[in-house]
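One structure is given here, and the rest of the page talks about it.
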Amino acid sequence: MTVEPLTKRWYDLRYVKPAVDYFKSANRFNVAWAGRRSGKTEKAKRRLWGKAKTFFKHPDGRFIMAAPTLRQAKDIFWKDTIAAFPVDMLYGGSTRTGISYSDNKITLYNGACIEIHGMDKPERVEGAPVDGLVLDEFGNCKKTAWTEHIRPALSTVNREGWADLIGVPEGRNHYYDLSQEALRDDTGEWAGHTWFSSLVIAPKEVAAAKNDLDELTYKQEYEGSFVSFQGMAYHAFSREKHAADDLRKHYKNTKEIQICFDFNVAPGIAVICQDMPYRGSNDAVAMNIGAAIGEVWIPRNSNTEIVCNKILQDWGDHKGTVSVFGDSTGGSRGTAKTQGSDWEIIRDILGRHFGQRISYRIPKANPSVRARLNAVNSQLKSTTGVIRYLVDRKCEHLVKDLEGVTLVEGGSGEIEKPANSELTHISDAFGYMMNVRFPIDKKRKVSFQQL
């Protein structure tokens, strides 16, 4: 007998045994780490929806769907959750009584509520008992969100709740630690689940991912591996393969350039890039590449105004469009203390010069360090060996950074930032641009600032 779905949102899913094992898990706490597009989030949604609509133990059931920020949580869960239930399953049989857009909450016919929360303010899950929770992108949440806020909220006497902690791994951080605890658990409360994206997505998509991503990033993003990122931050970079002579001479005055900023007093820096055809003899390099063709490096007593004036001195005759990238916070030292934010200064100086040809691609929030590094490494060399980005050898400080920046020993992929070191700043600027132009998770929505 065929069972009709509640709504069209309940479409058929591909059978993958480890994913089904997770979906059917009777354990109180489940940690599910798997690759992108592997169906883990969809399975988690349906687990919570199913438990919420059949919850009758208490008249005020409370279920939480969460992510690192409220914006992420709404993007992941909100519309799908509304679409999952027919109107007659909402409280009062009406969207007016069953859906609160201001509170990001849906109340079902049985009194159970499904709430959407961001772990940027984890204290909001406290207070009333929590009967069940799904937390996506767990590796990007603060460790204390689970230990200090969520876990206690699941411990009401005679009303203990359950939780699913899911997401793609983020190095060997608290997510890795909890996954290993789940695998070692002998109490029956915890279970760990993992599977490859290749079990779900089409072979051509797997091949495309390998062609786009460096090896370590592919293992993390599509195999759900807790990769141990150690040693060099830009492990895919090789001076021999990536530092090329005379890329600047192929610069086209009428084509777009990208200008990348990080904000410092010592040094003041910027990177200038442009896409171009590859004219060399290395068969591993793609036909069309991105290239870092210039840099600004002012060792001491710099500020954003000085950097901008140097850019205009070197590139002021450019006739094409200009895209600007950089640190979304705008910096907290130097010029910004007295002349407005760094972005206001850039807009005033570069915007006045380039006019309508300039655009600002500045996210409202910076990406994680790991996301930046993965974006850079994947352009430098994919799993299949394709090189898509080169650096002019005369960009000596960017080359030095890509060769010399290291990761914190024993960390989960954080960059080592020694005191008074000149390293990291110029590659940070480069990474902000790479993450916007070539993000690892291409389906994630990015909101940009209005400058």
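Going by the numbering used here, the first residue of the sequence shown is number 931, and it counts up by one from there. Note that the Cβ used here is the ideal one computed from N, Cα and C, for glycine as well.
Three-state secondary structure (DSSP) of residue i
i	result
residue 1068	helix
residue 1204	strand
residue 1035	strand
residue 962	strand
residue 1292	coil
residue 1058	coil
residue 1173	strand
residue 1110	helix
residue 1010	helix
residue 1322	strand
residue 1378	strand
residue 1024	coil
residue 1303	helix
residue 1158	coil
residue 1030	strand
residue 1266	Note that residue 1266 has pLDDT 44, beneath the 50 cutoff, so the model's placement of it is unreliable and no number is given.
residue 936	coil
Contact under 8 Å by Cβ, residue i with residue j
i	j	result
residue 1094	residue 1312	no
residue 1099	residue 1161	no
residue 1360	residue 1308	no
residue 1192	residue 1355	yes
residue 965	residue 1126	yes
residue 1357	residue 1322	no
residue 1223	residue 1256	no
residue 1108	residue 1215	no
residue 1069	residue 1028	no
residue 1041	residue 1002	no
residue 1159	residue 1337	yes
residue 1059	residue 1086	yes
residue 1166	residue 1152	no
residue 1045	residue 1089	no
residue 1276	residue 1238	yes
residue 1055	residue 1080	yes
Residue of the options minimising C-alpha distance to residue i
i	options	result
residue 1186	1330, 1249, 1296, 1115	1249
residue 1240	1205, 1345, 1271, 1279	1279
residue 1169	1363, 1031, 1326, 1194	1326
residue 1038	1031, 941, 1018	1018
residue 975	941, 986, 1120, 1276	941
residue 956	1120, 1257, 999, 1083	1120
residue 1181	1354, 1171, 1275, 1219	1219
residue 1339	1292, 1163, 1130	1163
residue 945	1332, 1211, 1129, 1012	1129
residue 1175	1210, 953, 1205	1210
residue 1073	1090, 1051, 1062	1051
residue 1305	1366, 1273, 1062, 1243	1366
residue 1189	1253, 1371, 972	1253
residue 1135	1316, 967, 1213, 934	967
Bridge partners - residue i, DSSP secondary structure assignment
i	result
residue 1316	Beta-bridge pairing links residue 1316 to no other residue.
residue 1085	1090
residue 1333	Note: residue 1333 sits in no beta bridge, so no partner.
residue 1045	994, 1035
residue 1123	962
residue 1199	1192, 1227
residue 1256	1191
residue 1357	In DSSP, residue 1357 forms no bridge with anything.
Cutoff 8 Å: residue i Cβ touching any chain D Cβ
i	result
residue 1155	Reference to chain D is not applicable here, since this structure consists of a single protein chain.
Review point. What beta strand (DSSP E) runs, 3 residues minimum, are completely inside the segment 1209-1245?
Key: If one requires a minimum length of 3 residues, the beta strand (DSSP E) runs lying completely within the segment 1209-1245 are 1215-1228, in chain order.
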